[in-house]
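Numbering (this note's numbering), first residue to last: 4 to 247. Everything on this sheet refers to the single structure shown next.
Next comes the structure, spelled out in structure tokens:
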């Protein structure tokens, strides 16, 4: 009896230190649960990059002309033989589109004024006028303005101011609404919409041809007006009188 009691006690004690089968299964299940819940996030390098294509605005066509940065003066007409594109001082070199348009605007307007001036020199000196009546042997053109009455000069200069204000409002950006000395984006240099005889061509090539002719005549007129002014200052004679 005593032997059975000692054997039972030893068996219970050994069982207490033996590993439990349930605990082992639970630990393994827990480890499997941890392994299955791990989610790998994709790295930034694995995500394909989508490049956005920049939107290129459509080129604006004005009177058949499209600004082309690769061409002299962005492709504006006016380069004629034998000199072709003539810019010895480089005014149009490395300039933006607005500056080139502004230079062309100045050239066109000065050319138009010079064409009227050359005609005015001859008519003012050699034909009957408002100031001198039927007497055609009057003062040379350089000295006529001081002799013109104020009642004639006032409406004359008023008309010039109105014309210039209309031109500025047509082609130029108003002060405060954009950079100073800027032409409107849709404005073609010199095209102020004044065409009472309907001479403006509708075809782009024909318009460029007429613009080139106007520029050529305007350039010649600027040289002629400067020469007439200098000649009268030198010898004090009228244009036709100097020719004999």
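All C-beta atoms, glycine included, are put in the ideal place defined by N, C-alpha and C.
Specify whether the region 118–126 and the region 222–236 touch according to this definition: at least 3 beta carbon pairs, one from each stretch, less than 8 Å apart.
yes
Run through DSSP, which three-state label would residue 247 get?
coil
Which of the three DSSP states, helix, strand or coil, is assigned to residue 64?
strand
Give me the Cβ distance between residue 65 and residue 243, rounded to the nearest whole Å; I'm assuming they're in contact under 8 Å.
That belief does not hold up - the Cβ atoms of residue 65 and residue 243 are roughly 42 Å apart, past 8 Å.
With a threshold of 8 Å on Cβ separation, who are the neighbours of residue 189 within its own chain once the five nearest residues in sequence on each side are excluded?
63, 65
Tell me the DSSP secondary structure of residue 241 in three-state form.
Coil.
Under the three-state reduction of DSSP, which class applies to residue 193: helix, strand or coil?
coil
Which one or two residues does DSSP pair with residue 69 in a beta bridge?
64
Using only the alpha-carbon positions, how far apart do residue 207 and residue 69 sit?
10 Å
In this structure, how does DSSP classify residue 13 when only helix, strand and coil are distinguished?
Interpretation of residue 13 is limited by its pLDDT of 43, a score under 50 that renders its predicted location unreliable; no figure is taken from the coordinates.
Identify, in the order they occur along the chain, each residue of the same chain with its Cβ nearer than 6 Å to the Cβ of residue 170, setting aside the five sequence neighbours on each side.
195
For the alpha helix (DSSP H) holding residue 159, just list the boundary residues, first then last.
Residues 153–174.
For residue 83, write down the residues that DSSP places opposite it in a beta bridge.
87
To the nearest whole angstrom, what separates the beta carbons of residue 101 and residue 172, a pair I think is in contact under 8 Å?
That belief does not hold up - the Cβ atoms of residue 101 and residue 172 are roughly 18 Å apart, past 8 Å.
Pick out whichever of 143, 181, 77 has its Cα sitting closest to the Cα of residue 128.
For the residues 143, 181, 77, the minimum Cα distance to residue 128 belongs to 143.
Just verifying my parser: in three-state terms, what is the DSSP assignment at residue 106?
helix
Please classify residue 80 as buried or exposed, where buried requires at least 16 other C-beta atoms within 10 Å of its C-beta.
buried
Leaving aside the five residues before and after residue 218 along the sequence, list all residues of the same chain whose C-beta is less than 6 Å from its C-beta, in chain order.
A distance below 6 Å between beta-carbons, with the five flanking residues on each side excluded, links residue 218 to the following residues of its chain, in chain order: 81.
Look at the alpha carbon of residue 135 and the alpha carbon of residue 245, and state the distance between them as a whole number of angstroms.
Computed Cα separation, rounded: 20 Å.
Note down the Cα distance separating residue 87 from residue 116, rounded to an integer number of angstroms.
24 Å
Please go through the same chain and pick out, in chain order, the residues whose beta-carbon is closer than 6 Å to the beta-carbon of residue 25, but skip the five residues on each side of it.
In this prediction, residue 25 scores a pLDDT of 43, lower than 50, which makes its location untrustworthy; the coordinate-derived value is nonetheless stated afterwards. Within its own chain, no residue has a Cβ closer than 6 Å to the Cβ of residue 25 once the five positions on either side in sequence are excluded.
Applying the 10 Å Cβ sphere with the 16-neighbour rule, what's the burial state of residue 239?
When all chains shown are included, residue 239 counts as exposed.
Based on Cα-Cα distance, which residue from 191, 160, 109 lies nearest to residue 211?
191
Measuring alpha carbon to alpha carbon, tell me which of 74, 201, 167, 105 ends up nearest residue 182.
105
So if DSSP puts residue 186 in a beta bridge, which residue, or which two residues, is it bridged to?
175
Relative to the C-alpha of residue 166, which candidate in 74, 112, 178 has its C-alpha closest?
Of the listed residues, the one whose Cα sits closest to residue 166 is 112.
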